[in-house]
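These notes are about the structure you will find just below.
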Amino acid sequence: MPAKKFKVTLTADERERLEELICKGKSAARKLAHARILLACDETDECRGASDTEVADAVHVSRPTVERVRKAFVEEGLEQALNAKRPRQTRPPVFDGESEAKLVALACSSPPEGRTRWTLRLLAERLVELEVFESISSETVRQTLKKTNLSLG
1027 MPAKKFKVTL
1037 TADERERLEE
1047 LICKGKSAAR
1057 KLAHARILLA
1067 CDETDECRGA
1077 SDTEVADAVH
1087 VSRPTVERVR
1097 KAFVEEGLEQ
1107 ALNAKRPRQT
1117 RPPVFDGESE
1127 AKLVALACSS
1137 PPEGRTRWTL
1147 RLLAERLVEL
1157 EVFESISSET
1167 VRQTLKKTNL
1177 SLG
């Protein structure tokens, strides 16, 4: 078995706080599970530090969850290991105010000749033709129109 990269070594105060948290049982299930994980992974003198698989089975979580909690504790501390949710990947918005206004104006205008209404694909193609975007998907157009409460139907 390979050596653990992130070893959890709790102080007496940290151990007491975690045990108290579990005994009360008044916290979020995720927080309680993370507390149990940290207690089970503790490698101080009085504890042996169970393997990730043993801890995962005992706490009813996945092995990667155990690894993430151990890593968060070692790198960021007890509070982060108990509370922090991993930030989702955030991208800057595709539409700014100006391009969104152009989309709305386009969607409210008369459709192209031979068409009775705008489709999402037509709107996306026209935005590229007008050089508002280099490329854009019809799904992005749909989400933006939904956000602005504008319906094509």
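Going by this note's numbering, the letters in the sequence shown line up with residues 1027 to 1179, in that order. Glycine included, every Cβ here is placed at the ideal spot set by N, Cα and C. A quick note: this is a predicted structure, and the numbers were derived from the prediction, not measured.
Residue i lies in the alpha helix (DSSP H); which residues open and close that run?
i, result
"A1055", "1055–1067"
"V1154", "1146–1155"
"E1165", "1164–1173"
Enumerate in chain order the residues of its own chain whose CB-to-CB distance from residue i is below 8 Å, with the five nearest sequence positions on each side excluded.
i, result
"T1142", "none"
"L1058", "L1047, I1048, G1051"
Less than 8 Å between the beta carbons of residue i and residue j, yes or no?
i, j, result
"D1068", "R1041", "yes"
"R1089", "D1078", "yes"
"A1066", "V1085", "yes"
"E1124", "T1170", "no"
"F1121", "V1034", "no"
At a cut-off of 7 Å, would you count residue i as near the ligand COA, judging by its Cβ distance to the nearest heavy atom?
i, result
"D1039", "Questions concerning the ligand COA fall outside what the structure shown contains, since it holds no ligand whatsoever."
Could you give the distance in angstroms between the alpha-carbon of residue i and the alpha-carbon of residue j?
i, j, result
"L1129", "Q1106", "42 Å"
"M1027", "V1081", "The predicted position of M1027 is uncertain, since its pLDDT is 48 and thus under 50; a value taken from the coordinates is nonetheless stated next. Answer to the nearest angstrom: the Cα atoms are 15 Å apart."
"L1108", "P1118", "29 Å"
Excluding the 5 residues flanking residue i on each side, which residues of the same chain have their C-beta closer than 7 Å to its C-beta?
i, result
"S1161", "V1154"
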